[in-house]
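Visitor: Chains A and B are the protein sequences, given in the same order. Everything in the first sequence is counted per numbering that gives the first Met the number 0, starting at 0 for the first residue and increasing by one. Everything in the second sequence is counted per numbering that gives the first Met the number 0, starting at 0 for the first residue and increasing by one. Virtual Cβ for every residue (Gly too), placed ideally from N, Cα, C.
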Amino acid sequence: MKVIELNNICKAFGDNKANHNVCFNLKKGEIHALLGENGAGKSTLMNILYGLYSCDSGDIVINGDTVEVENPSKAIEHGVGMVHQHFMLVPQLSVTQNIFLGMKETGLFLKMDELKKKVAELNESFGFNVDPSAVIWQLPVGVQQKVEILKALMRDAKILILDEPTAVLTPHEVKELFGSIKKLTKSGYSIILITHKMEEVLDYCDRVTIMREGQVVDTLLVSEADHDILAKAMVGRDVCLDRIIEPQESGEVLLKLEGVTVLNDKKLPAVKNLSLEVARGEILGIAGVDGNGQLELGEAIVGLRKIEEGTMNLIGQNTTHAKPRTMMDLGMAHIPDDRHKKGLVLDFSIKENLILGSQRDEIYHNGLLMNYAKVKEEAERMVEEFDVRPRNIELTGAMLSGGNQQKVILAREVSRNPEVLIALQPTRGLDIGAIEFVRGKIIEERKNNKAVLLVSTDLDEILTLSDRIAIMYKGEIIGIVPPETPVEEIGLLMGGIKNKKPKGGEPDESQV
Amino acid sequence: MRVRFKSLIRPAIAIGISLAIGALILLVAGYDVGKAFLAIWNASFRNLRTITTTFNKASPLLYVGLAVAISFRGNVFNIGAEGQLLMGAVFATIVGLYLQFLPGFLLIILMLLAGCLGGALWAFIPGYLKARYDVSEVITTIMFNYIALNFIGYLVRGPIRDTTQAEPQSFAIARQGFLPSLIPGTPLHLGYLLGILLAIGLFYLLFKTYIGYEVRAVGLNKNAANVAGVNVRKTVVGTMLISGALAGLGGAIELANIHYLLEGISPGYGFTGIAVAILANSNPIGVIFSSFLFGFLNAGATSMQRSAGVSASFVQIFQGIMIIAIALASVNKTKITNKIKKTLGKDKNITAAKEVE
C-alpha cells in the first residue's frame, strides 16, 4: 500500500529548477532512501511534502487522498513528521518538556509525571532508552536525535522524514538509530531517509530513489543495487573513492609535538600529554570518535588554541606559542573544520575569499593599494584549477554549494604552496563528487612531498588516505597503526580498548 | 562598478517610500503637502546663501556619518560618535584658546589634529575594552557620550567660561583659528571640502587597500579572519581609532565654525550620524549624499514651520520613516519575493504584498 505519492512535483527558485517533474512514492512499512548529492533537490522535495515550501505544480497524495500541505502543522495533521538535520530543541528544557512543547493536548496545567510516563511508554515500545527527565544540553547528539524522533511520534506521525540523520552520529550511534528505525517500520511506520551516504542505503534501506540536478534518476530495490550503481546514478559518472595511495618514502619530520596539553572551551584538558610527528611525504590520519580532543588538537597546531604544556616544532622552529600568522608564514596551510564559521567570509566574493590570509603578500598589492587586477587573475586561475562552479569569481561565498565552498578553501590553502597541510574534517557534509575531488587534492599534496595531518571522524576517509593512523581516545593517542590493520581492531581502539593493556592507567607515550 | 550602482537602488527606494508616507501623514493631518515640501526645498535651493548654509549644516553629519560607517564595516557598533565629536571639540577649543600666538593656518591645523586626537582617545578606550575583554562597545560608547557631555558642562561653567555671557559657554577661540570660507561671504567652509576628500580617501582605504580588506573581513566574519592570520584585536582597535578620529575631527571643525564651546554644540549629530551611515549602507561615498540629505531636511525644518505651519519636528518623523524604510528594503530579497508569491498564490491580501515591495 502506498502511503505517499508525489506526482510530477515542480519547484523553481528563480532560474534554478530545484525539482522538475519529480515522482516519488512511499510504501507502508518501508525505509525508503532519497539519495543524491547536495543540491540535487532531495531536501526541497521533502520540504514541499512537509509544507515548508509550496510546489509550483504537481500533487501530493497521502493515504489515497490528494491534499494541500500549506504548512508543517497540516503535514502533522496528515501524519507526516520531519526530523531536521539541525535539531530544533530547547537546550535548557528536559526531554519531556521538549517533546510536549507546543502541543495543545497537555492542557493549561502541566502534569509532568503523566507526561513523563507517556514518554517512557513510547520509549519502551521502540527501545529508545531516553531518560525523560534529562536536560537536552547534557545529552549526546545521538540521544538528542532520538528526542526529535520521539517528538514526531508523540504527535502521531506515521510517516517520518529523516533529513541526514547520521551526519553528526558516531558509527555506534548510527547502528542504534537504525535499530530503532527498524522497530518503527515493523509497527507500521514508514520512513523516508534523506541521505548522501550510500552505505546507509545499502545496509538499512528497502528501496532507494536517486535524484540528480532536481530530477529523479531512478527508483530501485536496494537488493538490486550496489555501490557502483548508486554512485554512478548520483554523480552521473564513475567515481572512485578506493584507496589509491602509492607507497612512498617519507622524508624528514616537519611537524613535531611533544607532551602537548590543550584545554577545551570549558577549561578542561582535552588533549593530554600528546606527542606526534608528521614527516614529509606522508599523511598521518587522526581517527577517533568525535569529541575525543581531535578538534582541540587541530586548533592548537594551527595556533588558534593555547598549548598549555609541552612543545610544538614546525619545520625546525619552536612554534609552541606562535600565532596563526606565524604558522602560515612558516609554511602551514589549514583546512578548518567549519567552512562557514572559520573557512570563509560568506559575504565576501569568491575572489576576495581566495586571497584571505594572503592579502598582504607582495604580489597582491603595490604599496598600500591592492592590486585587484592581479587578484582577479589569480582567482580565475584558481577556480579553473580547482573546478569551482560556477566560475564567476564575483559571486559571494554564500552563493556556493558546500562542495564548492570547500574547493575555494582548498584552492586558497594549497595555492599558498605550504610545506605542512592540516586538514580538519575536510569532507564533512560534502557529496561524493566533492569528496573525491578534495581527497584527490590531499593525495596530491602528499605526492608533492608535503607533510599532511588529517583529522577526520570518518573512519573510511582515514583508512583511504593515511600512511599511518593515530587513534585518539580521551585526549590521548591510544595507538598508532598501519592502514592495513583490521577495522575491528581500530574500532576497539576508538572505544578506548587496547588489546595488550585493557585499560591503561598511565598516559600513553606513543612513539610516533 | 555594477555592484556600486546596485547599492544605490535600496536607498533610492527607501527615500521614495518615505516621501510617499510622509506626504500621506501631512495630508491626513490636513496640511498642504506641496507647500510644505516646497518650503523645505526652497530653504536650501533658493540661492547661493541658502545652499551654502545647507552644506555648512551637513558638515558635522558628514564626519560622524563617515565615523559610524567605518565602524559598521568593521562590525563595531560605535554609538559614541557623539561623545567623540564632543571630545574633539573640547581638544580643539583648548588649542584655540591657549595657542593664540600661532599664525592662522598653523593654529587651524593644530586644532584639527587635536580634534582627531580627542575623538580617537575617546574611542580608543571602548575599542580596547572590546578587543581585549570583549566588553560590549555599545554600552561603553553610550556611557562615554554622557561623560563627554558633562565634561563640557564642567568646562564651560568653570575653567573656560566666558563670564561676559549669560549662558554658559567658553571664550571664543583666537580669531585666526576661525575656519576660512570656501566662497567668501558664505558659510560654506574649508571643513566641508576636507570632509568630501576624506570620504573619498576612506572609500579607497576600505575597498582598495589591504587594511580595508582586513577591516571588512573582521567585520563580516572575525573567526575566519582570525584563522587566516589577521590580528583581530588590532583591527578592532584600529577601526575604532579611525572612527573616533573622524568624529573628533568633525567636532573640531564645528568648533572652528562656531568659534566657542558650549554644551549644545551638537544637537545629537553623533546619533543622526548612525542614520546617515545606515542610509548610505556604510559606503563612504554614499555618506556624502546621505549627510547632505539630512542636512537639507534639517535646514528646511524651520522654514517649513514658518510657511506651511507644519511643526519642525515633522522632519524628524520623516527621517525616522526613512530609516525604517531602508531597514525594510534590506530584508532578504528572496524572503520578500517568496512571501509575495505565496500571498498572491493564495489570492488573498494582495495589499500586504504591496506593502513589502
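1. Only counting the same chain, and skipping five residues up and downstream in sequence, which positions put a Cβ closer than 6 Å to that of A/VAL60?
2. Going along chain B, which residues have a C-beta under 8 Å from A/GLY342?
3. For B/THR238, return the contacting residues in chain A, with the cut-off set at a CB-CB distance below 8 Å.
4. Less than 7 Å between C-beta atoms, sequence neighbours within five positions excluded: which residues of the same chain meet that for A/VAL167?
5. Tell me which residues share the same chain as A/CYS9 and place their Cβ nearer than 7 Å to its Cβ, disregarding the 5 neighbours each side in the sequence.
6. In the structure shown, what three-state DSSP assignment does A/ASP217 receive?
7. Rounded to whole angstroms, what is the Cα-Cα separation between B/GLU81 and A/ALA372?
8. First and last residue of the alpha helix (DSSP H) that includes A/THR484?
9. At the 8 Å Cβ level, is B/ALA351 part of the contact set with chain A, yes or no?
10. B/SER70 by DSSP, collapsed to three states: which one?
11. Could you work out which residues of chain A lie near B/THR234, taking near to mean beta carbons separated by less than 7 Å?
12. Just checking: is the beta-carbon of B/ALA130 within a distance shorter than 8 Å of some beta-carbon in chain A?
13. What is the rounded straight-line gap between the Cα of A/LYS41 and the Cα of A/SER465?
14. Measure the Cβ-Cβ separation of B/SER169 and B/TYR268 and say whether it is below 8 Å.
15. Compute every distance between the C-beta of B/ILE124 and the non-hydrogen atoms of the ligand PLP, then say whether any falls below 7 Å.
16. Are the CB atoms of B/ALA246 and B/GLN99 nearer to each other than 8 Å?
17. Compare the C-beta of A/LEU254 against all C-beta atoms of chain B and say whether one is closer than 8 Å.
18. What's the gap between the Cα of B/ARG358 and the Cα of B/GLN164?
19. What is the rounded straight-line gap between the Cα of A/VAL486 and the Cα of B/TYR209?
20. For A/GLN144, which option in A/ASN447, A/LYS157 and A/THR169 has the closest C-alpha, if you only look at C-alpha atoms?
21. Closest Cβ-Cβ distance between A/GLY356 and chain B: below 8 Å?
22. Out of curiosity, what's the CA-to-CA distance linking A/VAL129 and A/ARG206?
23. Look at the Cβ atom of B/ASN282, then the Cβ atom of B/ARG9, and state whether they are nearer than 8 Å.
24. Residues in the region 260-275 of chain B with C-beta within 7 Å of chain A's C-beta atoms, listed in sequence order?
25. Could you pull the start and end residues of the alpha helix (DSSP H) that A/THR325 belongs to?
26. Would DSSP call A/ARG562 helix, strand or coil?
27. Could you spell out the range, first to last residue, of the beta strand (DSSP E) harbouring A/CYS9?
28. For a contact defined as C-beta to C-beta under 8 Å, what are the partners of A/HIS333 on chain B?
29. Can you list, in chain order, the stretches of the alpha helix (DSSP H) that have 4 or more residues and sit fully within the region 328-360 of chain A?
30. Using a C-beta to C-beta distance shorter than 8 Å, which residues of chain B count as neighbours of A/ARG359?
31. Classify B/ILE325 as helix, strand or coil using the three-state DSSP reduction.
32. By the criterion of Cβ-Cβ separation under 9 Å, what are the contact partners of B/ASN282 in chain A?
33. A/LEU161 and A/GLY297 look like a contact to me (Cβ under 8 Å); what is the Cβ gap, rounded to whole Å?
34. Taking just the CA atoms, how far does A/LEU353 sit from A/LEU253?
35. Identify whether B/ALA307 lies in helix, strand or coil by the three-state DSSP scheme.
36. Which word fits A/ARG279, buried or exposed, when buried means at least 16 other C-beta atoms lie within 10 angstroms of its C-beta?
Guide: Considering the structure as presented:
1. GLU4
2. ALA223 and VAL226
3. Those within 8 Å of B/THR238 in chain A number zero; the least Cβ separation is about 16 Å.
4. VAL140
5. ASN18, HIS19, ASN20, CYS54, ASP55, SER56 and GLY57
6. strand
7. 39 Å
8. Element bounds for A/THR484: n/a, residue is neither H nor E.
9. Any reading at B/ALA351 must be qualified, since the residue scores a pLDDT of 35, below 50, and its modelled position is unreliable; the value itself is stated next. Not an interface residue.
10. helix
11. Simply none; closest approach about 12 Å.
12. no
13. 32 Å
14. no
15. You won't find the ligand PLP in this model; it holds no ligand whatsoever.
16. no
17. no
18. No answer is possible for residue 358 of chain B: the residues shown for chain B start at 0 and end at 356.
19. 49 Å
20. A/THR169
21. yes
22. 29 Å
23. no
24. none
25. 323-329
26. The structure shown does not extend to residue 562 of chain A, since chain A spans only 0 to 511, so no value can be given for it.
27. 1-12
28. VAL226
29. 349-353
30. TYR209
31. helix
32. Within 9 Å Cβ-Cβ: nothing; B/ASN282 doesn't reach chain A, min ~14 Å.
33. Rounded, the Cβ-Cβ distance is 30 Å, inconsistent with contact.
34. 26 Å
35. helix
36. buried
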